[in-house]
Structures are given as C-alpha cells and as structure tokens.
Amino acid sequence: MKESQSGMLIVISGPAGSGKGTVVKLLREKYPELGLSVSATTRKPRAGEVDGEHYYFITKNEFEKKIEGGEILEHTVYHGEYYGTPKKAVADALASGKDIILEIEVQGAAQVSTLFPDCVAIMLVPPDFNTLVSRLEGRKSESKESEEYRLNRAKIEIACVSNYDYIVVNENDGADKCADKIAAIIEAERSRVSRNIAVIDNFFN
Ligand code: 5GP
Numbered sequence: 088m089k090e091s092q093s094g095m096l097i098v099i100s101g102p103a104g105s106g107k108g109t110v111v112k113l114l115r116e117k118y119p120e121l122g123l124s125v126s127a128t129t130r131k132p133r134a135g136e137v138d139g140e141h142y143y144f145i146t147k148n149e150f151e152k153k154i155e156g157g158e159i160l161e162h163t164v165y166h167g168e169y170y171g172t173p174k175k176a177v178a179d180a181l182a183s184g185k186d187i188i189l190e191i192e193v194q195g196a197a198q199v200s201t202l203f204p205d206c207v208a209i210m211l212v213p214p215d216f217n218t219l220v221s222r223l224e225g226r227k228s229e230s231k232e233s234e235e236y237r238l239n240r241a242k243i244e245i246a247c248v249s250n251y252d253y254i255v256v257n258e259n260d261g262a263d264k265c266a267d268k269i270a271a272i273i274e275a276e277r278s279r280v281s282r283n284i285a286v287i288d289n290f291f292n
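Numbered according to my numbering, the sequence shown spans residues 88 to 292.
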C-alpha cells in the first residue's frame, strides 16, 4: 500500500468478541506502514499486556489531568474505567501523511467522526450473537460480571452501526479475510477524488 498525501484516520470498532484485536494485528503485519494509536486507560493490565504497547496504563487522576490539559482527542468510560486516545500521536501521524488506526468503542468513534468528518469508520461484528457469547466465554480473561457487561454493551454497540461507513463480518477463523477486506476498504478510500485533489491540480497549475 502507498501512503496518501495527508494521513487518513481509520476508526475500527467492534464489540468484545468481534475479534478486532486479532484482525488489527494481522492487518498491521500485512501493512506495517499503517500506524496504530495506543490508547490510555485506567483499567488494570491483563496478563501479557505491556504498558506503552497495548495501552498506556495510568491512574484516574493522571487521566483526568490529561483531559484537563487538552491532551486527549476523545474518551469514554467503559465498565467504570476511562479509555482515551492521546491527541499528539494522532496529530503527528496525520501531519506526516501516515494513515493511523484508532481501535475504539462507539462513543469515542462518534466524537472522532465529529472532529474528523472524513475519517473512515469501520465496524467489525461477529456473524451472530451466539458466536459472540461463545467467543467471550472462551476468552477466560474476564470475570463473570465483566463478561455480562461486555455482552450487554455489545448489543448497544452493534445498534450504532448506522454511524459507520462499513461493516465487516468476522466469521469463525475469518480474521485473515477480514484483514484483507479492511485493507481493500483502505485502498478504495485512498482513491477517493476528495483525497486526491493535488493530483487534479497537477494538470491545471
Ligand atoms: P478492553 O478493556 O477490552 O481492552 O477495551 C474495552 C473497550 O474499550 C473496547 O471496545 C475497546 O475498543 C475500547 N477502547 C480501547 N481504547 C479506547 C480509546 O482510546 N477510546 C475509546 N473510546 N474506546 C477505547
């Protein structure tokens, strides 16, 4: 993939159990030039999660200071914890012409769509609700209570799909195909006339 002149903001949402973590990882293995925003959160790290790689794990006090200081592009509260996108990394990526992915939930995605109306918003969903339930149960990383929260939240999130530009269904064992579909979406979006005004200008100036 080639980078466009100014970077593109790609929002990927999907309920817990949609497999978005795996799909985004695969996508970035195939297209290493795609940036990924590392969010800040106040939730505790899960086993294997690395500070600065999966998230910046910070305290509530630190998070609130960042909001007050205007350092957070968008944020939400999910299961009683703050999650938010640090502004600087996104601004730097876009300014240098690098496309960047924000893997965030629906409320944050709505804030980003208002701030960046030309962002590309993609929702990843499992094929059906039962699949989502069994994927979440199979995860074993969540408490029963957190699992229930994520299941309820999943329905609310999927109901927001009309705010998105694209929906991609992640079938079982379908992560590779999903990554290819998302890559195709990104490629098509890069060819939008509105993103290539400079190409036209070359002919007339
Ligand atoms: P988890 O605790 O499973 O890592 O994430 C919970 C939810 O928060 C997921 O839907 C994830 O996409 C979302 N999330 C992660 N980072 C951010 C962020 O920076 N902003 C928003 N709005 N949501 C986020």
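Just so you know, even glycine gets a beta-carbon here, dropped at the ideal spot from N, CA and C.
Please read these numbers as outputs of a predicted model, since none were measured by experiment.
With distances taken Cα to Cα, identify the nearest neighbour of A208 among E116, D267 and V255. Indexing the sequence shown from 1 puts residue 208 at position 121. With respect to the C-alpha of A208, the residue from E116, D267 and V255 having the closest C-alpha is V255.
For E90, does the three-state DSSP call read helix, strand or coil? Within the sequence shown, the letter at position 3 stands for residue 90. Any reading at E90 is ruled out, since the residue's pLDDT is 43, under 50, leaving its predicted position unreliable.
What is the rounded straight-line gap between the Cα of E120 and the Cα of K185? For the purposes of this step, residue 120 is identified with residue 33 of the sequence shown, where counting begins at 1. For the purposes of this step, residue 185 is identified with residue 98 of the sequence shown, where counting begins at 1. Going from the Cα of E120 to the Cα of K185 covers about 7 angstroms.
What number of angstroms, rounded off, separates the C-alpha of E229 from the C-alpha of Y253? Taking the first residue of the sequence shown as position 1, residue 229 is located at position 142. Taking the first residue of the sequence shown as position 1, residue 253 is located at position 166. The straight-line gap separating the alpha-carbon atoms of E229 and Y253 is approximately 29 angstroms.
Whole-angstrom distance between S100 and I191, CA atom to CA atom: Within the sequence shown, residue 191 is the residue found at index 104, counting from 1. Within the sequence shown, residue 100 is the residue found at index 13, counting from 1. I191 and S100: Cα-Cα distance of roughly 5 angstroms.
Assumed close pair G171, S126 - CB separation to whole angstroms, cut-off 8 angstroms: Working through the sequence shown from its first residue, we reach residue 171 at position 84. Working through the sequence shown from its first residue, we reach residue 126 at position 39. Contact check for G171 and S126: beta-carbon distance about 6 angstroms, within the 8 angstroms limit, so the pair qualifies.
Own chain residues within Cβ distance below 7 angstroms of I145, not counting five before or after: Residue numbering aside, residue 145 sits at position 58 when the sequence shown is read from its first letter. The beta carbon of I145 sits closer than 7 angstroms to the beta carbons of A127 and T129 from its chain, once the five residues preceding and following it are set aside; these are given in chain order.
Can you name, in chain order, every residue of its own chain whose Cβ lies under 8 angstroms from the Cβ of K174, other than the five neighbours on each side? To locate residue 174, count along the sequence shown from 1; it is residue 87. Here the set comprises G157, E158, I159 and L160.
For T128, which three-state DSSP category applies? Translated into positions along the sequence shown, residue 128 becomes position 41. Strand.
By the DSSP assignment, the alpha helix (DSSP H) with V286 in it spans what residues? Residue 286 sits at position 199 when you count from the first residue of the sequence shown. V286 -> alpha helix (DSSP H) spans I284 to F291.
Near G122, what residues of its chain come up, given a Cβ to Cβ distance below 6 angstroms and the 5 sequence neighbours on each side ignored? Within the sequence shown, residue 122 is the residue found at index 35, counting from 1. So the list reads A180, K185 and I187, once near-sequence residues are dropped.
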